[in-house]
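Written out below as structure tokens is the structure these notes cover.
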Ligand code: G3P
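Numbering (our numbering), first residue to last: 1 to 219.
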């Protein structure tokens, strides 16, 4: 089995932007684990966070535009030059159309992981048809909450894993309320390749301990 993914979305939490993003990225890079740790930094912070040795850094969003007259859009080639080696797309907090996902995928290198987020099994199925690298299923109502999707709605995780795997060889992540190593193991037991989380780390009083807990049951 491939190394489980622990993907930490920095969003725009003050604890994970600018200088704090660099500190959190360093904490992630320092975790000794067999898991694949991914920091999903703000576009503003891609350069500095990707400069941290040994850390995989993704963008939180990209737009299917080229270099030119596209004011305010997140142009992929520059994100790559600034250190992004993957991206999230269609996050619940930044929804886009299927065409946006398809057009973006057509612009990106083959080996550039794209994690398309889905609110439910139907959306996951539609996105899987496009063949991204990962689908992350996250019930919007559980995002930022205290309960993990793996406990409250395990069926959406296993259902997405089954649905997606019947379409193509796309890895499935799950997220929303994920905070602990037990949540990570449960996600894997339900058929996921890993987790996508934010507040469990970014809002923790002790992010280092939170990160250690997340990987503690992975052997
Ligand atoms: O991108 C991760 C996310 O939406 C889940 O957030 O705070 O519930 O871990 P959180």
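Ideal Cβ positions, reconstructed from N, Cα and C, are used throughout, including at glycine.
All values reported here derive from a predicted model rather than from experimental measurement.
| query | result |
| --- | --- |
| Is it buried or exposed, residue 138, if we count other Cβ atoms within 10 angstroms and call 16 or more buried? | buried |
| How long is the line joining the alpha carbons of residue 211 and residue 50, rounded to whole angstroms? | 18 Å |
| For residue 159, which option in 181, 135, 179, 182 has the closest C-alpha, if you only look at C-alpha atoms? | 135 |
| Suppose contacts are defined by Cβ-Cβ distances below 8 Å. Is residue 128 in contact with residue 101 by that definition? | no |
| Using the Cα positions of residue 107 and residue 5, report the straight-line distance between them to the nearest angstrom. | 24 Å |
| From residue 142 to residue 66, what distance separates their C-alpha atoms? | 35 Å |
| Counting pairs of Cβ atoms below 8 Å between the segment 142-157 and the segment 188-200, do you hit three or more? | yes |
| I believe residue 187 touches residue 157 by the beta-carbon criterion, under 8 Å. Please report the beta-carbon distance rounded to the nearest angstrom. | 6 Å |
| How about residue 29 and residue 55: are their beta carbons less than 8 Å apart? | yes |
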